[in-house]
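Going by my numbering, the residue at position 236 of the sequence shown is 485; the numbering climbs one at a time, nothing skipped. Read the structure below first, then the notes.
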Amino acid sequence: MRVGLALSGGGIKGAAHIGVLKALQENYIPIDIIGGTSSGSIVASLASMGYTPDEILKLFHFFAKMIFKNTPTYTYPSGKKSLSIQVGGFLSGDNISYAINESAKYKRIKRMQDLKMKIVIPSVDIDESKKYVFTNTEEEGSYYIKNAPIDTAVRASCSYPGVFAPCIYKGHKFIDGGVLDNIPVDEVKKAGADKIIAVKFGLNRRAKTKGIVGVTTKAIDILFDRRSLEETKNANIILNIDTKNTMIFDIKKIDLCYEAGYKKTIEKIEEIKKMIEEKE
Numbered sequence: 250m251r252v253g254l255a256l257s258g259g260g261i262k263g264a265a266h267i268g269v270l271k272a273l274q275e276n277y278i279p280i281d282i283i284g285g286t287s288s289g290s291i292v293a294s295l296a297s298m299g300y301t302p303d304e305i306l307k308l309f310h311f312f313a314k315m316i317f318k319n320t321p322t323y324t325y326p327s328g329k330k331s332l333s334i335q336v337g338g339f340l341s342g343d344n345i346s347y348a349i350n351e352s353a354k355y356k357r358i359k360r361m362q363d364l365k366m367k368i369v370i371p372s373v374d375i376d377e378s379k380k381y382v383f384t385n386t387e388e389e390g391s392y393y394i395k396n397a398p399i400d401t402a403v404r405a406s407c408s409y410p411g412v413f414a415p416c417i418y419k420g421h422k423f424i425d426g427g428v429l430d431n432i433p434v435d436e437v438k439k440a441g442a443d444k445i446i447a448v449k450f451g452l453n454r455r456a457k458t459k460g461i462v463g464v465t466t467k468a469i470d471i472l473f474d475r476r477s478l479e480e481t482k483n484a485n486i487i488l489n490i491d492t493k494n495t496m497i498f499d500i501k502k503i504d505l506c507y508e509a510g511y512k513k514t515i516e517k518i519e520e521i522k523k524m525i526e527e528k529e
C-alpha cells in the first residue's frame with residue numbers, strides 16, 4: 250500500500266501542510282509519494298529531502314521572512330507609498346531558489362533524482378499555456394521534466410502571477426503550477442499512489458481585499474477554488490483546512506496555519522487509518 254499526499258498552493262497558508270505532516274508522523278503514517286504546487290511544493294520538497302515536520306516549520310518561518318521581506322504595497326500616485334514594478338512580477342523569486350538550494354545542499358541533494366521520496370511538482374509554461382511536471386518518478390510523457398535542480402522546480406511552481414517573475418528554464422517561461430493544477434492529486438496517482446490524501450484551503454468568500462495585490466490574489470484564489478472539486482475527485486481523503494482569513498503574504502499567521510493543519514488531520518486520523526487498512 251503506497252500512500253500519497255497532494256499539497257495545494259496558498260502562500261503562507263502552506264504552513265498548514267507542515268501540521269498535516271506532523272500529525273501523520275505522530276500516528277506512524279508514512280508517506281510514499283508526495284506532490285505539491287506553489288507553497289505546497291516548498292513543503293513537499295523539504296519532506297522529500299528528509300527533513301522532519303519540526304525542522305520544516307523552522308525552515309518555513311525563515312523562508313517566509315526571506316522571500317516576503319520585500320512584499321509590495323501599492324497606492325495611487327497621490328498616496329504616500331509608491332511601487333517600482335519589475336517586468337514579469339513584483340519580486341524576482343531568487344530568494345525562493347536560494348532557500349531551497351541551501352536546504353538541499355545541507356542534505357547533499359542537488360537534483361530531483363537525489364530526493365529520498367517520489368515527488369511531483371506542477372508548473373505552467375505561460376507561453377504554451379501547458380502544464381509541465383517536475384519529477385523524479387519513472388513516468389514517461391512530453392510534459393514530465395526529469396532530473397531538474399530541485400530549487401528550479403520549486404521556484405517554477407511558486408511563480409505566482411503578478412507577484413513573482415516567471416522562472417526561465419530550458420526555453421520555458423514557467424509560472425505558478427496552481428494555474429492549471431493547484432492540488433496535484435492525479436499526478437500523485439500516476440506516480441504510483443494507491444491511496445491519496447489531498448490538502449486544500451477553503452475560500453473565504455467574505456474576506457475584504459486591499460490594494461492591487463489583494464485584488465489580484467483574491468481573484469486567482471477564486472479560480473483555484475472553483476477547480477478544486479475536479480482536482481480532488483480522485484482523492485480518498487480531503488483535508489479542507491480553515492486558515493482563518495490568512496492572506497498569502499501574512500507571515501504572522503504561520504503558526505496559526507500550522508495548528509489548523511495539525512488539528513484537521515487529527516480530526517480525520519481514524520478515517521485515514523481506516524483508509525490505509527482497507528484492501529485496494
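Backbone N, C-alpha and C define an ideal beta-carbon position, used for all residues, glycine too. Owing to the predicted nature of the structure, the values given are computational and were not obtained by experimental measurement.
**Asked** So, is isoleucine 424 buried or exposed, given that buried needs 16 or more other C-beta atoms within 10 angstroms?
**Response** Along the sequence shown, one-based indexing puts residue 424 at 175. By the 10 Å Cβ count, isoleucine 424 comes out buried.
**Asked** Tell me which same chain residues have a C-beta within less than 6 Å of the C-beta of asparagine 276, skipping the five on either side of it?
**Response** Residue numbering aside, residue 276 sits at position 27 when the sequence shown is read from its first letter. The residues are Ile518.
**Prompt:** What are the start and end residues of the alpha helix (DSSP H) that includes valine 374?
**Reply:** In the sequence shown, the residue the question calls residue 374 occupies position 125. The question names valine, yet the displayed sequence has aspartate at residue 374. Taken as a continuous stretch (DSSP letters only), aspartate 374 belongs to no alpha helix (DSSP H), being part of the beta strand (DSSP E) at 367 to 374.
**Residue environment, leucine 478, which counts as buried when at least 16 other CB atoms sit within 10 Å** = The residue labelled residue 478 in the question sits at position 229 within the sequence shown. So leucine 478 counts as exposed.
**Item:** Contact the stretch 436 to 453 vs the stretch 300 to 311: 3+ CB pairs below 8 Å
**Value:** Put simply, the stretch 436 to 453 does not touch the stretch 300 to 311. Fewer than three CB pairs are less than 8 Å apart.
**Request:** Count the other CB atoms, across all protein chains shown, that sit within 10 Å of the CB of asparagine 489; report buried if there are 16 or more and exposed otherwise.
**Result:** Mapped onto the sequence shown, residue 489 falls at position 240. When all chains shown are included, asparagine 489 counts as exposed.
**Prompt:** What do you get for tyrosine 418, buried or exposed, if any count of 16 or more other CB atoms within 10 angstroms of its CB means buried?
**Reply:** Numbered from 1 along the sequence shown, position 169 holds the residue referred to as residue 418. Label assigned to tyrosine 418: buried.
**Message:** Quick check for students: name the residue ranges of the beta strand (DSSP E) that lie wholly in the stretch 412 to 441, counting only runs of 3 or more.
**Reply:** Fully enclosed beta strand (DSSP E) runs of 3 or longer: 416 to 418, 421 to 425.
**Request:** Within its chain, find whatever has a CB closer than 8 Å to the CB of isoleucine 267; leave out the 5 residues flanking it on each side and keep chain order.
**Result:** Taking the first residue of the sequence shown as position 1, residue 267 is located at position 18. Apart from sequence neighbours up to five positions away, the residues of its chain that approach isoleucine 267 with a beta-carbon distance below 8 Å are Val292, Pro302, Ile305, Leu306, Phe309, Tyr507, Gly510, ordered along the chain.
**Asked** phenylalanine 383 lies in the beta strand (DSSP E); which residues open and close that run?
**Response** Numbered from 1 along the sequence shown, position 134 holds the residue referred to as residue 383. 379 to 384 is the extent of the beta strand (DSSP E) around phenylalanine 383.
**Request:** Provide the residue(s) that pair with arginine 360 in DSSP beta bridges, ordered along the chain.
**Result:** Here residue 360 is taken as the residue at index 111 of the sequence shown, counted from 1. Bridge partners of arginine 360: Pro398.
**Item:** Touch test, the stretch 345 to 365 against the stretch 253 to 268, Cβ-Cβ under 8 Å, three pairs minimum
**Value:** Segment contact: the stretch 345 to 365 against the stretch 253 to 268, fewer than three CB-CB distances shorter than 8 Å; contact not assigned.
**Prompt:** If we call anything under 8 Å between Cβ atoms a contact, is phenylalanine 383 one with alanine 414?
**Reply:** Position 134 of the sequence shown, counted from the start, is the residue given in the question as residue 383. Position 165 of the sequence shown, counted from the start, is the residue given in the question as residue 414. When the beta-carbon positions are compared, phenylalanine 383 and alanine 414 stay at least 8 Å from each other.
**Request:** From the DSSP output, in three-state form, read off alanine 447 for me.
**Result:** The residue given as residue 447 occupies position 198 in the sequence shown. Residue state, collapsed to three classes: strand.
**Request:** Let me know the secondary structure DSSP gives alanine 265 once reduced to three states.
**Result:** If you number the sequence shown from 1, residue 265 lands on position 16. Correct three-state label for alanine 265: helix.
**Message:** Quick check on this structure: which residue in Val437, Lys314, Lys522, Lys367 has the alpha carbon closest to the alpha carbon of isoleucine 500?
**Reply:** Here residue 500 is taken as the residue at index 251 of the sequence shown, counted from 1. The shortest C-alpha separation from isoleucine 500 is found at Lys314.
**Request:** Report the option in Lys395, Glu480, Leu295, Gly441 whose CA atom is closest to the CA atom of phenylalanine 450.
**Result:** Reading the sequence shown from its first residue, position 201 is the one you call residue 450. Between phenylalanine 450 and the set Lys395, Glu480, Leu295, Gly441, the nearest pair of CA atoms involves Glu480.
**Message:** Helix, strand or coil for isoleucine 500? Go by DSSP, reduced to three states.
**Reply:** One-based indexing of the sequence shown puts residue 500 at position 251. Note: isoleucine 500 maps to helix in three-state DSSP.
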